[in-house]
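Q: If you scroll down you'll find the structure; I have some questions about it.
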Amino acid sequence: VGCSERAWQMALDYARERTQGVAVGASQEGGASQEGPSAIIEHADVRRMLMTIKSTTEAARAITMLNAKALDLGRHHPDADIREKYTGLADLLTPLSKAYGSDMGVENASLALQVHGGMGFIEETGIAQIFRDSRINPIYEGTNGIQAMDLVGRKLSMKGGSHWRAFLDEMSELVTVLPDTEEFSVIRKNLTDAVATTRQCAEWILAQHVDNMRSALAGSVPFLRLFSVTTGCFLMAKGALAARRRLDAGDQDKDFLTAKIVTGRFYAQQITPPALGLKDTIMAGDDLFFAISSENMS
């Protein structure tokens, strides 16, 4: 998450300073057509990359913070039932925190390098160093493939699956209290779809535990990504709802709170739908993985 945050800061600063071409729709104050090159932050594709870095960094941080909260409450809450609940949640979130955070560090450092263009590929800007350094994180502390196998092979089946079902139920409950407005429509729809897809895939995986564990493990990495994005969408939705309530209560920090809502909407609109497409991959099984013998894998 730290690598992702640093990549975000560097990409944002560079995009504000670097000029190139005239952005479609660019205008000067007063509505006159812009003369001269635009800062690249005004180009739509650069905005796509920046908003992707911003939103996924915030989502990964939120997952990690919820994981830390669950660990604390699981160990120290005076109520045994509450400790059990949060210990189960911490077990679920640990693979997500490690894998999604480190994957986003790599992917967002790569996007930040892309924002820098050719300058990013040389050492002067420093973003190439972030990209190189971030690449070890999916390998450290249990590779992300091992984290995915742990989630699918152990964590989903704990307590008969009650922990992940309760977590998804909490997500569904949030949908019922999101404002029924255009502002929240994409969050409500895509979070609902994400929860349903994650639930369907998790139930399928548990069914494979009976006599086809290898088939379940074959889809473990894409399932980890799906579960992470669904959790990210849930937490970004909670953040957007909190921001809307503070704005409605008259909070004066309007720019920050409005940006929170927009970032949550972007995550739901642009980041969540591609993850839902992983369902067929997750549930495809392992047949084609082993259809070619190891001797013929040349």
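Each residue of the sequence shown is one higher than the one before, counting from 1 in the UniProt record's numbering.
Every residue, glycine too, gets a C-beta built ideally from N, C-alpha and C.
Keep in mind that this is a model prediction, so the values were computed, not measured.
With a threshold of 8 angstroms on Cβ separation, who are the neighbours of V221 within its own chain once the five nearest residues in sequence on each side are excluded?
A: Mapped onto the sequence shown, residue 221 falls at position 221. For V221, where only same-chain residues beyond five positions count, the Cβ hits under 8 angstroms are N144, G145, A148.
Q: Any contact between the segment 98-113 and the segment 50-66? By contact I mean 3 or more CB pairs, one from each, below 8 angstroms.
A: Yes, since at least three Cβ pairs between the segment 98-113 and the segment 50-66 fall closer than 8 angstroms, the two stretches touch.
Q: Rounded to the nearest angstrom, what separates E58 and V1 at their Cα positions?
A: Counting from one through the sequence shown, the residue named residue 58 turns up at place 58. Counting from one through the sequence shown, the residue named residue 1 turns up at place 1. Near 9 angstroms, if we compare the C-alpha coordinates of V1 and E58.
Q: Among all the DSSP beta bridges, which residues are the ones paired with A39?
A: Stepping through the sequence shown from its first residue, residue 39 is reached at position 39. For A39, which the question treats as bridged, DSSP gives the partners T19.
Q: Going by Cα to Cα distance, which pick from I40, S97, G74 is closest to E141?
A: Here the question's residue 141 lines up with position 141 in the sequence shown. Closest by alpha carbon: S97.
Q: Contact check, L206 vs S157 under 8 angstroms by CB: the rounded distance?
A: As a position in the sequence shown, residue 206 is number 206, starting the count at 1. As a position in the sequence shown, residue 157 is number 157, starting the count at 1. About 6 angstroms; that satisfies the 8 angstroms criterion.
Q: Report the option in A242, V210, W164 whose CA atom is closest to the CA atom of L224.
A: Along the sequence shown, one-based indexing puts residue 224 at 224. Nearest C-alpha to L224: W164.
Q: Given T94, which residues of its chain have a CB within under 7 angstroms of its CB, disregarding the five upstream and five downstream residues?
A: Counting from 1 along the sequence shown, the entry for residue 94 is found at position 94. Contacts found: N67.
Q: I'd like to know if the segment 116-135 and the segment 188-198 are in contact, where contact means that at least 3 CB-CB pairs between them fall below 8 angstroms.
A: No, the segment 116-135 does not touch the segment 188-198.
Q: Using a Cβ-Cβ cutoff of less than 7 angstroms, which residues in the same chain neighbour residue 378 once the five nearest sequence positions on both sides are dropped?
A: In this structure the chain extends from 1 to 298, so residue 378 is not present and cannot be described.
Q: G105 and S4 look like a contact to me (Cβ under 8 angstroms); what is the Cβ gap, rounded to whole Å?
A: Position 105 of the sequence shown holds residue 105. Position 4 of the sequence shown holds residue 4. Indeed, because the Cβ distance is near 5 angstroms, the residues count as touching under 8 angstroms.
Q: Can you tell me where the alpha helix (DSSP H) holding H209 begins and where it ends?
A: What you label residue 209 is simply residue 209 of the sequence shown in a count that begins at 1. No alpha helix (DSSP H) contains H209, which DSSP labels as neither H nor E.
Q: Between the C-alpha atoms of D72 and G21, what's the straight-line distance to the nearest angstrom?
A: Walking along the sequence shown from the start, residue 72 turns up at place 72. Walking along the sequence shown from the start, residue 21 turns up at place 21. About 51 angstroms.
Q: Could you say which of T56, G285, Q129 lies nearest to K260 if we only look at CA atoms?
A: For this step, residue 260 is matched to residue 260 along the sequence shown. Comparing Cα-Cα distances from K260 to each of T56, G285, Q129, the minimum goes to T56.
Q: What does the alpha-carbon distance come out to for the pair A240 and H209?
A: In the sequence shown, the residue the question calls residue 240 occupies position 240. In the sequence shown, the residue the question calls residue 209 occupies position 209. For A240 and H209, the distance between alpha carbons rounds to 37 angstroms.
Q: Closest by CA to I282, which one among A80, A291, C201, Y86?
A: Looking up residue 282 in the sequence shown gives position 282. Among A80, A291, C201, Y86, the Cα nearest to that of I282 belongs to C201.
Q: So for L139, helix, strand or coil by DSSP?
A: Start at 1 with the first residue of the sequence shown, and residue 139 comes out as number 139. Before going further, note that residue 139 is Ile rather than Leu in the sequence given. Note: I139 maps to coil in three-state DSSP.
Q: Determine whether the beta carbon atoms of N108 and I53 lie at a separation below 7 angstroms.
A: The residue labelled residue 108 in the question sits at position 108 within the sequence shown. The residue labelled residue 53 in the question sits at position 53 within the sequence shown. Cβ distance < 7 angstroms, so N108 and I53 count as in contact.
Q: With a CB to CB cut of under 7 angstroms and the five nearest residues on each side skipped, what residues in its chain are close to F266?
A: Translated into positions along the sequence shown, residue 266 becomes position 266. The answer, listed in chain order, is M51, S55.
Q: Going by other Cβ atoms of all chains shown within 10 Å of its Cβ, with 16 needed for buried, is D150 buried or exposed?
A: Along the sequence shown, read from residue 1 onward, the residue named residue 150 stands at position 150. When all chains shown are included, D150 counts as buried.
Q: Kindly list the residues whose CB is nearer than 6 angstroms to the CB of L247, restricted to its own chain and excluding five residues on each side of it in sequence; keep chain order.
A: Stepping through the sequence shown from its first residue, residue 247 is reached at position 247. These residues qualify, in order along the chain: L257.
Q: Counting C-beta neighbours from all protein chains within 10 Å, is the total for E42 16 or more, i.e. buried, or is it exposed?
A: Indexing the sequence shown from 1 puts residue 42 at position 42. By the 10 Å Cβ count, E42 comes out buried.
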